[in-house]
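Below: one structure, written as structure tokens.
Numbering (the numbering used here), first residue to last: 156 to 296.
Okay, structure coming up:
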């Protein structure tokens with residue numbers, strides 16, 4: 156019974172995640188425009204973890220994370236990009252940066268243990284990649 160519940164959860168998760176990732180990858184961004192992501196952290200309960208836990212951008216995109224820790228204070232870090240921000244419970248913090256060259260960068264709260272549960276680790280990922288399958292920018296050939 157437990158395996159069935161896990162399989163159904165994963166199937167539902169995939170049905171929701173795949174279209175969201177495709178939309179994120181195909182999004183047309185005007186050069187110089189800031190891509191903003193609302194990120195929430197929950198450290199307890201069934202919705203434990205970061206939402207979204209995966210953010211995909213292109214190199215040199217201007218990025219804004221608006222991060223809110225829902226249930227406790229924490230020290231937010233974006234590993235490899237020298238981003239550190241103290242979060243107060245329930246208070247959104249705005250973090251601006253320019254995406255580096257291609258790579259994968261983890262975000263987490265150093266004051267919250269990175270542990271695995273049914274819902275995965277309490278961390279997220281920023282993926283920076285050029286997208287070969289993305290539609291060209293308006294006016295591009």
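Even glycine gets a Cβ: it sits at the ideal position worked out from N, Cα and C. Note that the coordinates shown come from a computational prediction; the quantities given were computed from them, not determined experimentally.
Residue from the options with nearest C-alpha to residue i
i: residue 284; options: 258, 249 and 190; result: 258
i: residue 188; options: 226, 206, 203 and 254; result: 254
Contact belief for residue i with residue j at Cβ below 8 Å, rounded distance in angstroms
i: residue 261; j: residue 234; result: 5 Å
i: residue 237; j: residue 264; result: Their Cβ separation, rounded to whole angstroms, is 16 Å, which puts residue 237 and residue 264 out of contact at 8 Å.
i: residue 203; j: residue 277; result: 6 Å
i: residue 247; j: residue 223; result: 5 Å
Residue i, enclosing beta strand (DSSP E) - first and last residue
i: residue 285; result: Unbroken run through residue 285: none, as it is neither H nor E.
i: residue 237; result: That residue, residue 237, is in no beta strand (DSSP E); it is neither H nor E in DSSP.
i: residue 248; result: 248-253
i: residue 212; result: 209-212
i: residue 193; result: 189-197
i: residue 224; result: 217-224
CB of residue i within 8 Å of CB of residue j, strictly
i: residue 221; j: residue 193; result: yes
i: residue 228; j: residue 198; result: no
i: residue 266; j: residue 209; result: no
Three or more C-beta pairs below 8 Å linking the stretch 199-213 and the stretch 237-248: no
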